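With the numbering used here applied, the sequence shown covers -16 to 153. Okay, structure first, notes after.
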Amino acid sequence: MQLFTILTILSASFGATLAADICRPTGSDCFGTAVCCLGIQEGNCCNLGAATNRIRMVVPANSRSQGWTGSGCTGSVATNQNTAARTVCFTYSSNRLSGKWLTGLSSRVRRDPKVEECAEPNAVLQVRDGVTRRIDLSEGVSVEDALAARDAGVMEAVPYVGEYETVNED
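Written as structure tokens, this is what we have:
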């Protein structure tokens, strides 16, 4: 019986799925409102929705973050290594349209031969009075419409549970 329990625990830990948050801040820095692909899986591309020179990511340990100049994770790429799980703001010298994260610390860039289908942002994170709230984006709702609906009380904003406040600037 003990062996079965140990095997169950081990298989559950190996089956754990890691995810990250990839966000495009809407302001001039990484704080405040941001458009995000929350809970994005490794290797999946996140379309940031607009050009930006900053990407905010919440990533697991032993991973690498990538910001791409083209949509679909194409074009030039900048890769950053993350030895520890962290929230980080990457500032780029040129605009970025998409991002992704990968496990491992190698400097290898994984380029798929065809343009990837990118995930679209699924939430807006908004900081008000020191509290970060999440506004889920439904199909076809723009960020501006979601913020207006939230302000009008039509759309609910729920507390965001995550590491959005703490940032390591690189």
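No residue lacks a Cβ here, since even glycine has one placed at the ideal position from N, Cα and C. Small disclaimer: the values here were computed from a predicted structure and weren't measured.
query	result
What are the start and end residues of the beta strand (DSSP E) that includes L85?	R69 to T86
Are the Cβ atoms of L108 and C13 separated by less than 8 angstroms?	no
At what residues does the beta strand (DSSP E) containing V137 begin and finish?	Premise fails: V137 is in no beta strand (DSSP E) and is neither H nor E.
Measuring alpha carbon to alpha carbon, tell me which of M138, R47, C29 and P8 ends up nearest T86.	R47
The beta strand (DSSP E) spanning G161 covers which residue range?	No answer is possible for residue 161: the residues shown for the chain start at -16 and end at 153.
In terms of residue numbering, what span does the beta strand (DSSP E) encompassing C6 cover?	A2 to P8
Going by C-alpha to C-alpha distance, which of T62, G10 and S125 sits closest to L88?	T62
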